[in-house]
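Report on one structure; see the data block that follows.
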Amino acid sequence: MTTYGFHASHEQISPRQLLADVQLAEQVGFTAAMCSDHLEPWSERQGHSGMAWPWLGAALASTNLSFGTVTAPGQRYHPVIVAHAIATLGQMFPGRFWTALGSGENANEHVTGDAWPRKEVRQARLEECVSVISRLLDGETVSHDGLVTVHEA
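Note that the working numbering has the sequence shown beginning at 18, numbered continuously upward.
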């Protein structure tokens, strides 16, 4: 069965307006939504970029939609923090939240001051982050020393 969802584009629309938009999307028949997780808008004209994680809590609490986000662990977000956010939303809204993990883009990640890695390095870092996040969500205590470092999380 095909699911049609609404895209809540934080980099284009204010968080308050997006919350009203997903509530309206539910009223007109949408059953799912997703939001972007961008630190900055694509252009100055757009002028917005709310933080996805607190907004997702508000959106899940104020609708019955299932929600997801695409996020990039490893540079701007440590994988332990991403696992913590996923677990929190999953516990509060069972079966209604999903996430897709990506390797990031310089427009959102440069703010850390770290050099922007080559794609193959970002891919390897993503694979490490997915392993750490999965293991944490499975209830393991995790230590890892590689492109990301985790100590007894």
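A virtual CB, placed ideally from N, CA and C, is assigned to each residue, including glycine.
The model shown is predicted, which means the values in this text are computed figures rather than measured ones.
Using the Cα positions of residue i and residue j, report the straight-line distance between them to the nearest angstrom.
{"i": "G91", "j": "N123", "result": "12 Å"}
{"i": "T86", "j": "W115", "result": "7 Å"}
{"i": "M109", "j": "Q63", "result": "32 Å"}
{"i": "R152", "j": "S120", "result": "19 Å"}
Let me know the secondary structure DSSP gives residue i once reduced to three states.
{"i": "P90", "result": "strand"}
{"i": "D38", "result": "helix"}
{"i": "L118", "result": "strand"}
{"i": "R113", "result": "coil"}
{"i": "P96", "result": "helix"}
{"i": "R33", "result": "helix"}
Based on DSSP bridge pairs, tell me the residues matched to residue i.
{"i": "M51", "result": "H24, G85"}
{"i": "V167", "result": "H161"}
Measure the Cβ-Cβ separation of residue i and residue j and say whether it is below 8 Å.
{"i": "A141", "j": "V159", "result": "no"}
{"i": "P32", "j": "W72", "result": "yes"}
{"i": "H27", "j": "L35", "result": "yes"}
Starting from residue i and walking both ways along the alpha helix (DSSP H), at which residues does that stretch end?
{"i": "I150", "result": "136-154"}
{"i": "W133", "result": "It is not in any alpha helix (DSSP H) - W133 carries neither H nor E in the DSSP assignment."}
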